[in-house]
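Enquirer:
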Amino acid sequence: FYNKMSRKKKTIEVPDKLVEGWEKAEQAIGENADLLSERTYSLAAGGLALSFTVMSFIVGEDKSALDWQALAIWGFFLLCIILDTISIFSAKRKAEKLELFFREKKNQGHTMPDIEVNKMIDHTNRSINRFNMIVFILLLITIVWTFIYSYLLLIKVS
């Protein structure tokens, strides 16, 4: 009924329920990170298409009303899509490298304390989550910028 997690020379006994709870928490964090990535991609792609359509509708035939800000907004939406795609491939690659590392250790007969394994996994997850959060914040700024710019463009054209 107990799992043993060793930390340096000291062994700590942890009830299975605590380990089970920790695993569920880790699973929830992973699922939320995946959901954030999916939403970032969807919002960026939708924002790009919608902003292009709305701005084109506002200016009509007079495309000269669009300035560098419209191009920058579309560029930032594209950047968010590209960064999100890079994040997905990077996360996959990091997971594969960790899996290979752990498999090689196991095949060589080496053991690692659970706490060290968890530190390696947590470090990888944190770095990916930080990158995803930065991309999401960039996306939110771009969305707000798009609304403000579209409103000002509407006033300018009217």
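Heads up: the sequence shown runs through residues 4 to 161, numbered per our numbering. Backbone N, C-alpha and C define an ideal beta-carbon position, used for all residues, glycine too. Just so we're clear, the structure is a prediction, and the values are computed from it rather than from any experiment.
(1) Given that a residue counts as buried once 16 or more other Cβ atoms are within 10 Å of its Cβ, and exposed if not, what is A52?
(2) Count the other CB atoms, across all protein chains shown, that sit within 10 Å of the CB of G50; report buried if there are 16 or more and exposed otherwise.
(3) Among V62, I124, V160 and L69, whose alpha-carbon lies nearest the alpha-carbon of K97?
(4) Per DSSP, what kind of secondary structure is L69 in: helix, strand or coil?
(5) Label Y154 either buried or exposed according to how many other C-beta atoms from any shown protein chain fall within 10 Å of its C-beta, with 16 as the threshold for buried.
(6) If contacts are defined as beta-carbon pairs under 8 Å, then L142 and L46 qualify, I think. What distance do you get, rounded to the angstrom?
(7) How about S90 and N121: do their beta carbons lie closer than 7 Å?
(8) Quick one: measure Cβ to Cβ for L157 and A68, integer angstroms, because I've assumed they're closer than 8 Å.
(9) Taking only three categories from DSSP, how would you classify G49?
(10) How many angstroms separate the CA atom of S93 from the CA atom of R133?
(11) Tell me which residues share the same chain as L39 and place their Cβ nearer than 7 Å to its Cβ, disregarding the 5 neighbours each side in the sequence.
(12) With T145 as the anchor, note down where its alpha helix (DSSP H) starts and where it stops.
(13) Where does E107 sit, in a helix, a strand or coil, going by DSSP?
(14) Applying the 10 Å Cβ sphere with the 16-neighbour rule, what's the burial state of I15?
(15) Excluding the five sequence neighbours on either side, which residues of its own chain have a C-beta within less than 7 Å of the C-beta of D87, listed in chain order?
(16) Taking C-beta to C-beta, are T145 and F79 nearer than 7 Å?
(17) Are S54 and I84 closer than 7 Å when you measure CB to CB?
Expert: Considering the structure as presented:
(1) As a working mapping, residue 52 is identified with position 49 in the sequence shown. Counting Cβ neighbours within 10 Å, A52 comes out exposed, since fewer than 16 surround it.
(2) Here the question's residue 50 lines up with position 47 in the sequence shown. Result: buried.
(3) Stepping through the sequence shown from its first residue, residue 97 is reached at position 94. Looking at V62, I124, V160 and L69, the one whose alpha-carbon comes closest to that of K97 is I124.
(4) If you number the sequence shown from 1, residue 69 lands on position 66. Correct three-state label for L69: coil.
(5) As a position in the sequence shown, residue 154 is number 151, starting the count at 1. Taking every protein chain shown into account, the CB of Y154 has fewer than 16 other CB atoms within 10 angstroms, so this residue is exposed.
(6) As a working note, residue 142 is residue 139 in the sequence shown. As a working note, residue 46 is residue 43 in the sequence shown. L142 to L46, Cβ: 6 Å. Contact.
(7) Within the sequence shown, residue 90 is the residue found at index 87, counting from 1. Within the sequence shown, residue 121 is the residue found at index 118, counting from 1. With contacts defined by Cβ atoms closer than 7 Å, S90 and N121 do not form a contacting pair.
(8) Locating residue 157 in the sequence shown gives position 154, counting from the first residue. Locating residue 68 in the sequence shown gives position 65, counting from the first residue. Incorrect: roughly 10 Å between the Cβ atoms, too far for contact.
(9) As a first step, residue 49 must be located in the sequence shown, where it is residue number 46. Here G49 sits in helix by DSSP.
(10) Here residue 93 is taken as the residue at index 90 of the sequence shown, counted from 1. Here residue 133 is taken as the residue at index 130 of the sequence shown, counted from 1. Those two C-alpha atoms are separated by around 13 Å.
(11) As a first step, residue 39 must be located in the sequence shown, where it is residue number 36. For L39, where only same-chain residues beyond five positions count, the Cβ hits under 7 Å are N135 and F139.
(12) Taking the sequence shown and counting its residues from 1, one reaches residue 145 at position 142. That run of the alpha helix (DSSP H) goes D117 to V160.
(13) As a working mapping, residue 107 is identified with position 104 in the sequence shown. Helix at E107.
(14) For the purposes of this step, residue 15 is taken as residue 12 along the sequence shown, with counting starting at 1. Its pLDDT being 46, under 50, I15 is placed unreliably in this model, and the value from its coordinates should be taken loosely. Exposed, by the Cβ-count rule.
(15) Indexing the sequence shown from 1 puts residue 87 at position 84. Result list for D87: S40, T43, Y44, A47 and V138, in chain order.
(16) One-based indexing of the sequence shown puts residue 145 at position 142. One-based indexing of the sequence shown puts residue 79 at position 76. Taking 7 Å as the Cβ cut-off, T145 and F79 qualify as a contacting pair.
(17) Numbered from its first residue, the sequence shown carries residue 54 at position 51. Numbered from its first residue, the sequence shown carries residue 84 at position 81. Not a contact, by the Cβ cut-off of 7 Å.
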